[in-house]
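Worksheet: the structure to be examined is printed underneath.
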Ligand SMILES: Cc1cc2nc3c(=O)[nH]c(=O)nc-3n(C[C@H](O)[C@H](O)[C@H](O)COP(=O)(O)OP(=O)(O)OC[C@H]3O[C@@H](n4cnc5c(N)ncnc54)[C@H](O)[C@@H]3O)c2cc1C
Ligand SMILES: Cc1cc2nc3c(=O)[nH]c(=O)nc-3n(C[C@H](O)[C@H](O)[C@H](O)COP(=O)(O)OP(=O)(O)OC[C@H]3O[C@@H](n4cnc5c(N)ncnc54)[C@H](O)[C@@H]3O)c2cc1C
Ligand SMILES: Cc1cc2nc3c(=O)[nH]c(=O)nc-3n(C[C@H](O)[C@H](O)[C@H](O)COP(=O)(O)O)c2cc1C
Ligand SMILES: Cc1cc2nc3c(=O)[nH]c(=O)nc-3n(C[C@H](O)[C@H](O)[C@H](O)COP(=O)(O)O)c2cc1C
Ligand code: FES
Ligand code: FES
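Residue numbers (our numbering), protein chains in the order written: chain A, -18 to 243; chain B, -18 to 243; chain C, 3 to 309; chain D, 3 to 309.
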């Protein structure tokens, strides 16, 4: 049988605090890294194995994939129990990760230009994507936004793969305003594909804009997850087709805007 | 109102692994240390504050009291969730401790000679007692036993306060056999008081022996605890008086053998 | 400023944060940690007509995010309570609410009568839901008819506000709630413990001396919130919500679900300061959300929901 | 050598470790982690006569040591199950047990009839305890009379072994168990989820799209063990125990309490390998305790207890 998901005891090679509750962690996990694709995620056991609270794993996007080294990077924000416990880990600690999970971003598309739109922690899955698209020879434009400059701690890394537009709501870094205020120019013209990840309100705005302009667009969604593999039917979003609830963990997390009603 | 119990964020000054699942930890906790008496215990939150499993604190005896330094030592064995989490802590970490709790060993008694009988982890509360009794000018004899030599990791510390008799069931260190096999000689004669802590079977044997010989004896008991302060009525033992269930956390953990039916 | 006072019928509480029966002794066990009169109310350990020695040990067992207890209403009896304990707490600036139990309706009434005359008692909590006694207790709370009977008879013998404590171990808690309301209950406590059992795989026997016990703590919170939600929409009298509250967020959740006041039980054990933290947290939550009266939280989740 | 095979009436399981309905899809979702035919049985996601799209999101919420779900029996309907899914799993060397539901007794029967003729089905689990559907489901399992009716009618239309899944949301689970036994159930599954609710204090609304949900996971274990203990002593047919099993120790606890087999649900999510770990752990436990047949664990805690 074709193996594509793994459960692996990953060893943390580093964990850096990036300020404002954000962490960047590298985990040595050769099996997961070996199969990982941009837009996929891992399911992480954040607490001690012997404790049943928190009970569930936490889904975290794969931020960067290093296949030669057999490692992945994750970029996350502390928002509750699980991520707080994750933030307490140090280099050398082991964590159980399941993955790679889900359907990632569509690759090898015809469009020559890719515009990556990331808001807040939505920036996380886009770095691996930028890297892959650059490898494919696409023109990559990353439009990354956050509430303030602190939220753009990882934006610099995107420069290696193409053009970078930064925006902050308070204007403390880059352009002032939301990513969607500064998007139109980048997606004008043919042969463009948009990939977006971020808060629902942002995704809605991006979907509307790309829809109007006739530009195809993929969005990466979030939902509370239990299994992460399509077994529990818990992590539903809403299909554009009547009466269907796609599963974010298996049918997504990446969807075409035409597939889901946001 | 007279304050006698505290909740304190103690800072771990050291934690040593003593082999066979045993740990020795020193915690800087000046309030608790300031009031602690031999035989009392502390109630420790072992897991991360934001997790509800394990839910309850764990009762651990005060192994040594250093009032000048404002610290206490605990000596514990990993047997489950709580103690396993405790064992993962390192110097510099904080832990929440409640204490000092309970009624400790009777001090300033008339008897000139004190025989301390400790089996396994029952050795833990006796060190602080030995120290205090030596200070009182008593003749202290410590009879300490364990399954094997590994369990006597802390026995050497008793030498500072008097005579030490070691016994192991496998004969790997000291006399071969149980503490009770080597006790009689030490408690012969008048003016002796016995203090015992260890497995129930050992306490029963000591109580029977001292009872027959007419030597007064105190035992330190264990029970599953929730509150540790006498509020939940959960940690009962059985009184020798008809129809009464003393509370180990408040009426004990130390009882005269005449008070409880073992 | 947030008005933190609440009224449970004729019973005034200076704030909605109280401690649960059986988890706070007779009100003084935790006094080293904070002055108990900061609480809105203290529900005492269950009191019966005669002294009860309780169940044989072991009486406690930890479970995932919860505990099982089988205390069995150990208490010195109502007379000793009145003589030895009440004097020490009656002057506290908080509502003292004895929790009363009986093996027969008659016993409930006798206990209520005795307490009725005493100074310093704000209300009575009628426990028809104790899972740890052979007679009475939960048996009364398991069906609307027997529940009615207890409330009706106790109502006759005392003018004190009556808070009836419901059992979650029923198919239809709403029918029991309504029965209690009809017979004159002034408020309802929701919930007592869930009936549970644990087995020690080394001894291969139940861990508790009394075999079964009552499950409490964070584990039961979703069940408790659900019952508060159901009961508070079905009756007109206020509901005191409890079951697994371990932080202010939980308390707010219960109030939004329909509780007029909350009761903290098991969480006192790991964190004796929890009640004060909850009190502060609720007040801050109200401020941040521009709520000037804590009572406005009560039932907000269903009052404002579009269906 | 320990004999690990168990018989649930006429249903043979090669070992007592199974996976719970709704937590293991249709049996293939976890195949990357281990071969599903290592399991004693696979209980499928609930199947209904017609396709059901399930409840609107959100459908999941984590609670202390548990989860609330309100999936609402999303499934493609029995015909699609037979056409698309069954062929993929029917040859697995494990018992395939469809879990069936209906809004009416008639629907249960139609589903059972359709499955009855199919190859590769070992038994049917009748779900009269789903808390997440408006009609049918838990309503059937909440009282002995309606439970009887479903079991009786399904019994008529199929010769397959019937395992009736009971709801814990009742005052007296034993009476429902006995009713199912009387009408010809071959075994009982104890328990389905506890009805619960959670409120998001930021939105001040219930977190689940369907408002209430079913509580599962380690939090409910003491309630589940208690019910297995009660039911297994009251009926003669075997009990499949479930509710919060997260390790082999929990599985042993259920068996000692009276379960002939165990079912693992929620714990598959954090630890997909849990079923194999449980299987190994039970076998090792038997060896260490000199038990040559796993069936001897069943009810040991009450069989050997002196009262
Ligand atoms: C496919 C996927 C990929 C993700 N990738 C990343 C990532 O790369 N970096 C990152 O920081 N976060 C990511 N998230 C979100 C992350 O999973 C949640 O922040 C995390 O589960 C919160 O767990 P907690 O225990 O810390 O917080 P909890 O205590 O569980 O919740 C705290 C807060 O977080 C919100 N929250 C929790 N889980 C989710 C969720 N699944 N979706 C939306 N909101 C949630 C809650 O509403 C609440 O506000 C991703 C989520 C999904 C579904
Ligand atoms: C007053 C008092 C003083 C104590 N002093 C010490 C000490 O100095 N050093 C030390 O190592 N231990 C001491 N103990 C025992 C210690 O409290 C338990 O080992 C601890 O609570 C186990 O927690 P856990 O989560 O690791 O294990 P759990 O997962 O809770 O249980 C694992 C095993 O430990 C046993 N156990 C758990 N709690 C108790 C208890 N309270 N009494 C008896 N058995 C128990 C269980 O039966 C089980 O076998 C003391 C207990 C009491 C009551
Ligand atoms: C150790 C203990 C003793 C209890 N004793 C009583 C009691 O005497 N009378 C009563 O009505 N409820 C009693 N209860 C139930 C609590 O008052 C409360 O209803 C229940 O524990 C749920 O709340 P919690 O989860 O916050 O503990 C007791 C609970 C515990 C844990
Ligand atoms: C996500 C989810 C879906 C479930 N779906 C069903 C179902 O379709 N039919 C059913 O009878 N039980 C269903 N259950 C209940 C489980 O089969 C099981 O009875 C319950 O979860 C208790 O076991 P656990 O604590 O091990 O999960 C579901 C449970 C969960 C968590
Ligand atoms: S999380 Fe279980 S189906 Fe997606
Ligand atoms: S642990 Fe609560 S009374 Fe002793």
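Ideal Cβ positions, reconstructed from N, Cα and C, are used throughout, including at glycine.
With DSSP as the reference, label residue i as helix, strand or coil.
{"i": "residue 172(C)", "result": "coil"}
{"i": "residue 271(C)", "result": "coil"}
{"i": "residue 204(B)", "result": "coil"}
{"i": "residue -18(B)", "result": "Any reading at residue -18(B) needs caution, since the residue's pLDDT is 33, under 50, leaving its predicted position unreliable; the model's value is listed next. Coil."}
{"i": "residue 91(D)", "result": "helix"}
{"i": "residue 242(A)", "result": "coil"}
{"i": "residue 78(D)", "result": "coil"}
{"i": "residue 189(B)", "result": "helix"}
{"i": "residue 210(C)", "result": "strand"}
{"i": "residue 63(A)", "result": "helix"}
{"i": "residue 108(A)", "result": "helix"}
{"i": "residue 123(D)", "result": "coil"}
{"i": "residue 243(D)", "result": "strand"}
{"i": "residue 6(D)", "result": "coil"}
{"i": "residue 18(A)", "result": "coil"}
Does the beta-carbon distance from residue i to residue j come in below 8 angstroms?
{"i": "residue 127(C)", "j": "residue 101(C)", "result": "yes"}
{"i": "residue 68(B)", "j": "residue 4(B)", "result": "yes"}
{"i": "residue 165(B)", "j": "residue 158(B)", "result": "no"}
{"i": "residue 66(C)", "j": "residue 33(A)", "result": "yes"}
{"i": "residue 8(D)", "j": "residue 296(D)", "result": "yes"}
{"i": "residue 65(A)", "j": "residue 94(A)", "result": "no"}
{"i": "residue 96(A)", "j": "residue 161(A)", "result": "no"}
Quick check on residue i - is its C-beta less than 8 angstroms from some C-beta in chain C?
{"i": "residue -18(B)", "result": "Residue confidence for residue -18(B) is low, a pLDDT of 33 falling below 50, so the modelled location carries little weight; the figure read from the coordinates is stated next. By this cut-off, residue -18(B) is an interface position."}
{"i": "residue 259(D)", "result": "yes"}
{"i": "residue 150(D)", "result": "no"}
{"i": "residue 54(D)", "result": "no"}
{"i": "residue 206(D)", "result": "yes"}
{"i": "residue 203(D)", "result": "yes"}
Could one say the Cβ of residue i lies closer than 8 angstroms to chain B's Cβ atoms, at least one of them?
{"i": "residue 161(A)", "result": "no"}
{"i": "residue 120(C)", "result": "no"}
Compare the Cα-Cα distances from residue i to each of the options and report the closest residue.
{"i": "residue 70(C)", "options": "241(C), 297(C), 215(C)", "result": "215(C)"}
{"i": "residue 206(A)", "options": "22(A), 43(A), 50(A)", "result": "22(A)"}
{"i": "residue 131(B)", "options": "142(B), 155(B), 243(B)", "result": "155(B)"}
{"i": "residue 103(B)", "options": "218(B), 184(B), 6(B), 12(B)", "result": "184(B)"}
{"i": "residue 265(D)", "options": "26(D), 13(D), 6(D)", "result": "26(D)"}
{"i": "residue 197(D)", "options": "212(D), 184(D), 11(D)", "result": "212(D)"}
{"i": "residue -3(B)", "options": "225(B), 6(B), -9(B)", "result": "6(B)"}
{"i": "residue 121(D)", "options": "110(D), 156(D), 84(D), 136(D)", "result": "84(D)"}
{"i": "residue 311(C)", "options": "231(C), 203(C), 145(C)", "result": "Any property of residue 311(C) remains undetermined from this structure, which presents chain C solely from 3 to 309."}
Looking at chain D, is there any beta carbon in it that lies within less than 8 angstroms of the beta carbon of residue i?
{"i": "residue 234(C)", "result": "no"}
{"i": "residue 27(B)", "result": "no"}
{"i": "residue 33(B)", "result": "yes"}
Is residue i close to chain A? Criterion is C-beta to C-beta, closer than 8 angstroms.
{"i": "residue 21(C)", "result": "no"}
Taking 7 angstroms as the line, does the beta carbon of residue i fall inside it for any heavy atom of ligand 7?
{"i": "residue 213(A)", "result": "You won't find ligand 7 in this model; what it holds is ligand 1, ligand 2, ligand 3, ligand 4, ligand 5 and ligand 6."}
Would you list, in chain order, the members of the stretch 209 to 228 of chain B that have their beta-carbon closer than 8 angstroms to a beta-carbon of chain C? 209, 210, 211, 212, 213, 214, 215, 216, 217, 218, 219, 224, 225, 226
Listed from N- to C-terminal order along the chain, which residues in the stretch 61 to 87 of chain D have their beta-carbon within a distance smaller than 8 angstroms of any beta-carbon of chain B? 66, 67
Chain C contacts from the stretch 75 to 96 of chain B (Cβ-Cβ distance under 9 angstroms): 77, 79
Return the residues of the stretch 119 to 150 of chain B that lie within a Cβ-Cβ distance of less than 9 angstroms from chain C, sorted by chain order. none
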